[in-house]
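**Q** The working numbering applies: residue 28 is where the sequence shown begins, and numbers increase by one.
Ideal Cβ placement from N, Cα and C applies to all residues, glycine included.
Just so it is clear, the structure is predicted and the values come from calculations on it, not from any experiment.
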Amino acid sequence: MSRIDLSASALSPDPATDQPPQAVPPAPVRGYAVAPGGTLVGEIRVPGDKSVSHRAIMLGALADGETQVTGFLEGADSLATLAAFRRMGVAIEGPARGELRIRGVGRDGLTAPAAPLDVGNAGTAMRLLCGLLAGQRFATTLVGDASLSRRPMRRVTEPLARMGADIETTAAGTAPLLIRPVPRLHGIDYAMPVASAQVKSCLLLAGLYADGETCVTEPAVTRDHTERMLATFGCAVRRDGARVCIEGGSRLTAAPVEVPADISSAAFFLVGASIAAGGAVTLPAVGVNPTRVGVLNILKAMGADIAVENPRQCGAEPVADLRVRSARLRGIEIPAEQVPLAIDEFPALFVAAACAEGETLLTGAEELRVKESDRIAVMAAGLGRLGVETEVLPDGIRIQGRGGAPLAGGSVDSHGDHRIAMAFAMAALRAEAPVLVQDCANVDTSFPGFATLAAAAGLGIEETPA
Ligand code: S3P
28 MSRIDLSASA
38 LSPDPATDQP
48 PQAVPPAPVR
58 GYAVAPGGTL
68 VGEIRVPGDK
78 SVSHRAIMLG
88 ALADGETQVT
98 GFLEGADSLA
108 TLAAFRRMGV
118 AIEGPARGEL
128 RIRGVGRDGL
138 TAPAAPLDVG
148 NAGTAMRLLC
158 GLLAGQRFAT
168 TLVGDASLSR
178 RPMRRVTEPL
188 ARMGADIETT
198 AAGTAPLLIR
208 PVPRLHGIDY
218 AMPVASAQVK
228 SCLLLAGLYA
238 DGETCVTEPA
248 VTRDHTERML
258 ATFGCAVRRD
268 GARVCIEGGS
278 RLTAAPVEVP
288 ADISSAAFFL
298 VGASIAAGGA
308 VTLPAVGVNP
318 TRVGVLNILK
328 AMGADIAVEN
338 PRQCGAEPVA
348 DLRVRSARLR
358 GIEIPAEQVP
368 LAIDEFPALF
378 VAAACAEGET
388 LLTGAEELRV
398 KESDRIAVMA
408 AGLGRLGVET
418 EVLPDGIRIQ
428 GRGGAPLAGG
438 SVDSHGDHRI
448 AMAFAMAALR
458 AEAPVLVQDC
468 ANVDTSFPGF
478 ATLAAAAGLG
488 IEETPA
C-alpha cells in the first residue's frame, strides 16, 4: 500500500495537471529525547484545528464558487484530504502560511480519481469521505496507513448501506474501502450507537446526495463543526435536541472559512504549563466550541489555573485566548458527560493525572481503544515506564497521581500515535531523568513544528533519528 508523501514537492500541484503525484516515501521515523524539568513560558501559537481544516476542504470543494481558507492546518492529515480532492479534479491554490483558495466544483462536479485515495493516518478523512463519496457517480477506493487500516469502519458503512450505498470493507470491517456508485441514496433516521462526530458528519455528507431527509441522533453531544460549516455555506441543518437533519439535494455556496487554533494541540501546553514549576503560558485564538472544551472543564476541576480571555467569534467558531499557570492538581472522577467533549485530549489529561495528588478515575471511554492506537493500553504502558501506577479498565483507567513525587525517566513507545508522543514529551517536565519517546513521526499529522514550538517555550526537547 502506498504511503502519503508529506514533502512540499509532492504536495504542490503539478503545473500541467494541477494534481500532486500521490507517490509517497515514508516519513522518517524519529523520537524525542526530553530533558527532565524545565518549564513552559510565553505566548504559544498552536496550528489550526484539524477537524475544521478537513471540513473546509470538503465543503469548499463541493461548493459553488471560490472558498478562501485562513489558518488551515498544514499537517499530514488535512493535507491528505487536500490531495484527495485535487485527485478528484478540484483546483486548490496553496497552502501558503495557512491560506488556501479552493475553486469549488459544485455538488456534482467531482471526477473519478485515477487511483485509490490514500488518506494516511487520517480517520476523519476516511470516515467523512466515505459518506461524501457514497453518492458519487464513480467508484473510489480509500486506503490508509497501518494504524488506520486497523480502525473500525462498519460504524459508517452499516448506516450508509441502509441509505442504499454499496461499500466493501475487509472481512474485519476495515479499510481498504471500495465505494461503488449506486443509482440513488435515500435518507434514513439513524440513532448512532456510539457518540461519534465522524459518523454523524459522514451521514450528513451522504445525506446531501440522498432523496429526502437524513437525520442522525447522537447519544451524547459530539463536535458540531460540520453543522456550523454547512450553515456558513448556506445549507442549514435542522437540529432538534440530539437529532440533526439535512435535506437531500441541498447546494453549498462558497464562503470564507477561518480556522481557529486547535484546542486539541493547545491541550499539551495546558497540561505542560499546569504541571511545570513556574509554568505561565498564553495560547491565543484557540477554538472554544462548547463541544470541544472538555479538557478545560476537566483540568479546572483538577485545580488548574486556566483563564479563558477575550472570547470572540472566528467565523462560525468561538475562540478565546487561554492563559494558564502552574498549579497543584488533584485527582478526580472524570464526569461522564465530559468524556466525548475531551475525547482526543485524554493522553494529555492522563499525564496531568499522573502528576496530580490522589487518584483519577476515567470510565465510559471505550472509544479510546480504537483511536490512532489503543490509547488506554498504550498510555498505561508508558505511564508504567515512568513509575506511575495505573489500573486498566475495559472502558477507562485508574491513575494513582504521584503528587509532589517526581516521575521516573525512561523510554516510552508512542506506537506511532501523535497525541501519545506529545503527551509523554510533556511528562518530562515533572520527571527526574530524561524521557525518551519512540515513534514520533506522526506528530506531523496534527502538529507540525511541535518540538520547535515546545523547545522555544522552555521544554528541553530534541528530535532524534529512528
Ligand atoms: C473527529 C471526531 C472524533 C475525534 C477525531 C476527530 C472529527 O472522532 O476523535 O480526532 O473531526 O469529527 P470520533 O468521531 O471517532 O469520536
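Beta-carbon separation of residue 286 and residue 104 under 9 Å?
**A** Result no, Cβ atoms of residue 286 and residue 104 do not sit closer than 9 Å.
**Q** Give a yes or no on whether the C-beta atoms belonging to residue 64 and residue 482 are separated by under 9 Å.
**A** No; because the gap between Cβ atoms is not below 9 Å, this pair is not in contact.
**Q** Let me confirm a value: residue 142 is counted as buried when at least 16 other C-beta atoms fall within 10 Å, else exposed. Which label applies?
**A** So residue 142 ends up on the exposed side.
**Q** When you compare the CB positions of residue 452 and residue 486, do they come within less than 9 Å of one another, or not?
**A** Against a cut-off of 9 Å, the Cβ pair of residue 486 and residue 452 comes out as a contact.
**Q** Under the DSSP definition of a beta bridge, which residues are partnered with residue 154?
**A** Looking at the DSSP assignment, residue 154 forms no beta bridge with any residue, so it has no partner.
**Q** Could you tell me whether the stretch 103-119 touches the stretch 144-164, using the rule of 3 or more Cβ pairs below 8 Å?
**A** Counting Cβ pairs under 8 Å, three or more are found: they touch.
**Q** For residue 473, count neighbouring C-beta atoms within 10 Å of its own C-beta (all shown protein chains included) and say buried if the count is 16 or more, exposed if not.
**A** Buried, by the Cβ-count rule.
**Q** If you compare alpha carbons, which of 162, 122, 72 is closest to residue 139?
**A** Answer by Cα proximity: 162.
**Q** How about residue 334 and residue 58: are their beta carbons less than 9 Å apart?
**A** Cβ distance not < 9 Å, so residue 334 and residue 58 don't count as in contact.
**Q** Confirm the yes/no value for this check: CB of residue 371, any heavy atom of the ligand S3P, distance under 8 Å.
**A** True, at least one ligand heavy atom lies under 8 Å from that Cβ.
**Q** Whole angstroms is fine: what's the gap from residue 199's alpha carbon to residue 172's?
**A** Between residue 199 and residue 172, the C-alpha separation is close to 16 Å.
**Q** Quick check on residue 186: buried or exposed, where buried means 16 or more other Cβ atoms within 10 Å of its Cβ?
**A** Residue 186 comes out buried.
**Q** Kindly examine the ligand S3P and report whether one of its heavy atoms sits closer than 8 Å to the Cβ of residue 317.
**A** No, since every heavy atom of the ligand S3P falls outside the 8 Å radius drawn around the Cβ of residue 317.
**Q** Name the one or two DSSP bridge partners that residue 213 has.
**A** Partner(s): 238.
**Q** Where does residue 333 sit, in a helix, a strand or coil, going by DSSP?
**A** Correct three-state label for residue 333: strand.
**Q** Pull up the distance between the alpha-carbon of residue 440 and that of residue 415, whole angstroms please.
**A** One C-alpha to the other measures close to 15 Å.
**Q** Could you tell me the alpha carbon to alpha carbon distance between residue 295 and residue 170, rounded to whole angstroms?
**A** Computed Cα separation, rounded: 30 Å.
**Q** Could you tell me which of 476, 84, 408, 379 sits nearest to residue 114, measuring between CA atoms?
**A** Cα-wise, what sits closest to residue 114 is 84.
**Q** Since residue 328 and residue 359 are thought to touch, with beta carbons under 8 Å apart, how far apart are those beta carbons, to the nearest angstrom?
**A** 5 Å between Cβ atoms; contact.
**Q** Check this for me: beta carbons of residue 94 and residue 86, under 9 Å apart or not?
**A** Yes, the pair counts as a contact, with Cβ atoms nearer than the cut-off.
**Q** What would DSSP say about residue 439, mapped onto helix, strand or coil?
**A** Strand.
**Q** When DSSP builds the beta bridges, which residues end up paired with residue 272?
**A** Residue 272 is bridged to 242, 265.
**Q** Classify residue 416 as helix, strand or coil using the three-state DSSP reduction.
**A** DSSP places residue 416 in coil when its eight states are reduced to three.
**Q** Inspect the CB distances between the stretch 232-244 and the stretch 197-216 and report whether three or more fall short of 8 Å.
**A** Enough Cβ pairs lie closer than 8 Å, so yes.
**Q** CA-CA distance, residue 429 and residue 413?
**A** Each residue's alpha carbon lies about 11 Å from the other.
**Q** Near residue 218, which residues of its chain fall below 6 Å by C-beta distance, leaving aside the five closest residues on each side in sequence?
**A** For residue 218, where only same-chain residues beyond five positions count, the Cβ hits under 6 Å are 244.
**Q** So residue 318 and residue 279 are in contact, right, with Cβ under 8 Å, and what is the actual spacing, rounded?
**A** That pair is no contact at about 22 Å.
**Q** With DSSP as the reference, label residue 372 as helix, strand or coil.
**A** If DSSP states are grouped into helix, strand and coil, residue 372 belongs with coil.
**Q** Shortest alpha-carbon distance to residue 229 belongs to which of 74, 462, 188?
**A** Among 74, 462, 188, the Cα nearest to that of residue 229 belongs to 188.
**Q** According to DSSP, which residues form a beta bridge with residue 465?
**A** Answer is 440.
**Q** May I ask you to list the residues that DSSP assigns as paired with residue 285?
**A** Looking at the DSSP assignment, residue 285 forms a beta bridge with 97.
**Q** Can the beta-carbon of residue 92 be found closer than 9 Å to that of residue 116?
**A** No. Outside cutoff.
**Q** Tell me whether the stretch 334-350 and the stretch 368-382 touch, counting them as touching only if at least three CB pairs, one residue from each stretch, are closer than 8 Å.
**A** The stretch 334-350 vs the stretch 368-382: no contact.
**Q** Of the choices 203, 195, 302, 166, whose alpha-carbon is the least far from that of residue 177?
**A** Of the candidates 203, 195, 302, 166, the one whose C-alpha sits nearest the C-alpha of residue 177 is 203.
**Q** According to DSSP, is residue 113 helix, strand or coil?
**A** Three-state DSSP puts residue 113 in a helix.
**Q** May I ask you to check if the CB of residue 225 is nearer than 8 Å to at least one heavy atom of the ligand ATP?
**A** The ligand ATP is absent from the structure shown, which contains only the ligand S3P.
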